[in-house]
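Trainee: The structure under discussion is supplied below as structure tokens; questions concerning it will follow.
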Amino acid sequence: QGVEASMEEYLHGQDGYRFIEHNRAGEEIVPYRGQERAPRDGYQVHLTVDLSLQNIVENEIDAAMAEYTPKKATIVLMRPQTGEILAMANRPNFDLNLRSEAKPEEMKNRAIIDMMEPGSTFKIVAAAAALNEHKVRLDSTIFCENGLWNFGGAALHDHRAFSYLSVRDILIKSSNIGAAKLALNIGEQKFYEYIRRFGFGERTGIELPGEINGLIRPPQSWSKISITRIPMGHEIGVTPLQMTVAMAAIANGGKLITPRIVKSITTVDGKTVSALSPVVLRQVISPETATEIGDALRGVVSDRGTAAAAAVPGFTIAGKTGTAQKVDPKGGYEHGKYVVSFVGYLPAEHPEFVGLVVLDDAHTSKPELNYGGLIAGPIFSRIAERAARYLDLEPHEEIRKAIPVERVEKPMPVERVRKAGSVERVALTNAPHH
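Numbering (my numbering), first residue to last: 695 to 1128.
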């Protein structure tokens, strides 16, 4: 399982051998004319995981499981410039000391093998594509149909009525209609190309076994309304790590980077066998476009946006919320069940880490509290605040005295998506539904 499986050839070591030649008396002939290989101890594999940050994440994911009793949860922290995984946690999990008693569901690394509809976190792709293709500017306005738009014979709703919104506010307010129109601006084929450029539909390449591709269908397999549903994170399947890597591309100036959990490989006496360097796969969007999207995402984590509860006193955060209704394997969606998420980075100006929080089927005291901004956002906030303190990051002087964000107890404008007509969907996980 895990790194032990993928790095087995380095960890295992090699047996030694020696071929010798004897005379009739059974004595070894000298000078020796055989072949030999000295035994080699297994190499040491050093991980990128920071134990202190891992401890922070483990504590917070346990607290989230206790408070919201979700079916499953995943949290990832990653350096956007290098792809180094700083922390990764999944629930349910198992006790490593009692591995023989672990159930298969508890042994899965959900960050790389679970497939989910990402919901509104995916809106960054449509916005980035439209800006990068110069179809719109950040201050361009889009008519959002006052909250109800009939397209292709199906209704598309926003969580509240919006008339004209700038591209910036489409992200801040999380308008489904606005995101759909951004995708329509660039067309099906070009939008699909950007989805793939952001790394969706292919393995990230992390050094962990079992990673899946996710599910991204080509345009020829789309329905008439797919171009309006995919921008808000429906009709696609992505892994938590893929979503983290996509947001990292916004944070690092538009580069798609390979995530890695192995830092180096050394001999037992400390000699370096392999020091792994960051791998940039491609430039997804221009640095200017990445800066513009990041600027808009700072507004999401504000009183105007859907993730005010993700704020951290003294720091600016860029991020996006997601609230996706769970797919029913029998067709359609499961009533009242959601996958809530938040993905963001800190500090927004010079990001030290990207963080993703995903909870599947969280339970709240009131249905109107079951949103990414109200559940996943505060979890991210607590992790980010503790991580910033541990990393000794310097807060902004002008917001150093900011009032800490308390847990939100009342609903706020968010991005939940109402169901439309019958459309082909993807399952939330590649595992059987229980």
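In this text, a Cβ means the ideal position worked out from N, Cα and C, and glycines have one as well.
Thinking C-beta only, is V1033 closer than 8 Å to K1014?
Mentor: No. Outside cutoff.
Trainee: Just to confirm the assignment, what range does the alpha helix (DSSP H) spanning Q936 have?
Mentor: From DSSP, the alpha helix (DSSP H) with Q936 extends over 934-945.
Trainee: Quick one: complete beta strand (DSSP E) runs, 3+ long, within the segment 806-880?
Mentor: 835-837, 842-845, 848-851, 858-860, all fully within the segment 806-880.
Trainee: Terminal residues of the continuous beta strand (DSSP E) containing R998?
Mentor: From DSSP, R998 is part of no beta strand (DSSP E); its letter is neither H nor E.
Trainee: How far does the alpha helix (DSSP H) with D1054 in it reach, from first residue to last?
Mentor: No alpha helix (DSSP H) contains D1054, which is instead part of the beta strand (DSSP E) from 1047-1054.
Trainee: Considering only their Cβ atoms, is the gap separating I951 from V932 smaller than 8 Å?
Mentor: Cβ distance not < 8 Å, so V932 and I951 don't count as in contact.
Trainee: Could you spell out the range, first to last residue, of the beta strand (DSSP E) harbouring V1037?
Mentor: From DSSP, the beta strand (DSSP E) with V1037 extends over 1027-1040.
Trainee: Give a yes or no on whether the C-beta atoms belonging to G948 and T1000 are separated by under 8 Å.
Mentor: No, they are not a contact pair.
Trainee: If you draw a straight line from the C-alpha of P903 to the C-alpha of Q883, how long is it?
Mentor: Answer to the nearest angstrom: the Cα atoms are 32 Å apart.
Trainee: Anyone know if the C-beta pair for L771 and K957 falls short of 8 Å?
Mentor: No; because the gap between Cβ atoms is not below 8 Å, this pair is not in contact.
Trainee: Taking the alpha carbon of L970 as the point to measure from, which residue in Y888, H1057, G777, G881 has its own alpha carbon closest?
Mentor: Checking every option, the nearest Cα to that of L970 belongs to G777.
Trainee: Using only CA atoms, which one of G872, L1040, I750 lies nearest to P1007?
Mentor: Residue L1040 is the option with its Cα nearest to P1007.
Trainee: Can you round the beta-carbon distance between A821 and I864 to whole angstroms, since I take them to be within the 8 Å contact cut?
Mentor: With 8 Å as the limit, A821 and I864 qualify as a contact, their Cβ atoms being about 7 Å apart.
Trainee: So, with DSSP's three-state summary, where would you put N784?
Mentor: Looking at N784 - three-state DSSP - the assignment turns out to be strand.
Trainee: Leaving out the 5 sequence neighbours to the left and right, which residues in its chain are closer than 8 Å to I906 when beta-carbon positions are compared?
Mentor: Cβ neighbours of I906 beyond the five flanking positions: I806, I807, M809, R897, T933, N1124.
Trainee: Helix or strand or just coil, what does DSSP make of I1131?
Mentor: As shown, the chain starts at 695 and ends at 1128. That puts residue 1131 outside it, with no answer to give.
Trainee: Alpha carbon to alpha carbon, how far is T960 from P1098? Give it in angstroms, no decimals.
Mentor: Unreliable placement is indicated for P1098, whose pLDDT of 46 sits below 50; no coordinate value is reported for it.
Trainee: Would you tell me roughly how many angstroms separate the C-alpha atoms of M941 and V1048, rounded to the nearest one?
Mentor: Distance between the alpha carbons of M941 and V1048: 7 Å.
Trainee: Which residues bound the beta strand (DSSP E) around R976?
Mentor: Counting along the chain, the beta strand (DSSP E) containing R976 begins and ends at 974-977.
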